[in-house]
Amino acid sequence: MAKLKVLYTERQIQDRLRELAQQIGQDYQDRSITAVVVLKGALFFAADLLRLLPNPVSVQFVELKSYAGTESSGDVRIHYWQEEFQVGGRDVLIIEDILDTGITLDFLVRKVEQMGARSVRVCCLLEKPARRRVAVQAHYVGFILSDVFVVGYGLDYEERYRNLSYIAQLEDGPGPA
Ligand code: XMP
Ligand code: MG
Numbered sequence: 091m092a093k094l095k096v097l098y099t100e101r102q103i104q105d106r107l108r109e110l111a112q113q114i115g116q117d118y119q120d121r122s123i124t125a126v127v128v129l130k131g132a133l134f135f136a137a138d139l140l141r142l143l144p145n146p147v148s149v150q151f152v153e154l155k156s157y158a159g160t161e162s163s164g165d166v167r168i169h170y171w172q173e174e175f176q177v178g179g180r181d182v183l184i185i186e187d188i189l190d191t192g193i194t195l196d197f198l199v200r201k202v203e204q205m206g207a208r209s210v211r212v213c214c215l216l217e218k219p220a221r222r223r224v225a226v227q228a229h230y231v232g233f234i235l236s237d238v239f240v241v242g243y244g245l246d247y248e249e250r251y252r253n254l255s256y257i258a259q260l261e262d263g264p265g266p267a
């Protein structure tokens, strides 16, 4: 059984989400937000955050694959993208679990821009600045992490641990990401 070290409790996560929602609400004022939620990792983050936003929100899901085990492959592929989904003229807020090398988000930001979004911003639950390989900016970040592999609150190791209500470091699992 892998050893888990709790980094952020459920309480800490929910408190931080309220701060993020307040900031997003202020920035967008009364504009509608088109949330693009990156599956599967941002599932719980998006569900909790979006319910705290005062703005009118529409939600779209995308699933991208760039990861095998714990290593970024650098090769991003779209696994799921609803065909009729359009972002033209919309204010898009991409909701992602973790900004690691930046390869996944760079791909998605460019795609949404090419599709004619009016604005594109990124909201990440976690960010690992030390791992960045591509210059992509997250406008809203929940927590900054060092180079550790984490699970829980949507994040998995080989599809396990997503349903934890907290974020934990997998101590004797894959090692540093
Ligand atoms: P890039 O490198 O494209 O990767 O920024 C983002 C994706 O990598 C996965 N990732 C992790 N998943 N614990 C996880 O469960 C981690 O510590 C971790 N670091 C990166 C994640 O799928 C994210 O969307
Ligand atoms: Mg994963």
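In the numbering used here, each number is its position in the sequence shown, counted from 1, plus 90. Here a beta-carbon is modelled for each residue, glycine too, at the ideal position from N, C-alpha and C. Computed from a predicted model, the values in this text were never measured in an experiment.
Does the beta carbon of residue i fall short of 7 Å from some heavy atom of ligand 1?
| i | result |
| --- | --- |
| tyrosine 247 | yes |
| valine 126 | no |
| glutamate 303 | Any property of residue 303 remains undetermined from this structure, which presents the chain solely from 91 to 267. |
| serine 156 | yes |
| phenylalanine 239 | yes |
| glycine 131 | yes |
| glutamate 153 | no |
| isoleucine 188 | yes |
| glycine 192 | yes |
Going by DSSP, what residues sit across from residue i in a beta bridge?
| i | result |
| --- | --- |
| phenylalanine 233 | Leu216 |
| aspartate 181 | Ser209 |
| glutamate 109 | Beta-bridge pairing links glutamate 109 to no other residue. |
| tyrosine 170 | Glu153 |
| glutamate 186 | Cys214 |
| valine 241 | Ala258 |
Could you please give the first and the last residue of the uninterrupted beta strand (DSSP E) stretch that includes residue i?
| i | result |
| --- | --- |
| glutamine 259 | 257 to 260 |
| alanine 125 | 123 to 129 |
What first and last residue would you give for the alpha helix (DSSP H) that runs through residue i?
| i | result |
| --- | --- |
| tyrosine 98 | Here tyrosine 98 belongs to no alpha helix (DSSP H); instead the beta strand (DSSP E) covers 94 to 98. |
| aspartate 228 | One point to set straight first is that residue 228 is alanine, not aspartate, in the sequence displayed. It is not in any alpha helix (DSSP H) - alanine 228 carries neither H nor E in the DSSP assignment. |
| valine 199 | 193 to 204 |
| alanine 136 | 133 to 140 |
Restricting to Cα atoms, I'd like to know which of the options is closest to residue i.
| i | options | result |
| --- | --- | --- |
| histidine 229 | Phe135, Arg180, Ile185, Val177 | Ile185 |
| cysteine 214 | Val202, Leu189, Leu198, Asp120 | Leu189 |
| arginine 141 | Ile123, Leu235, Met205 | Ile123 |
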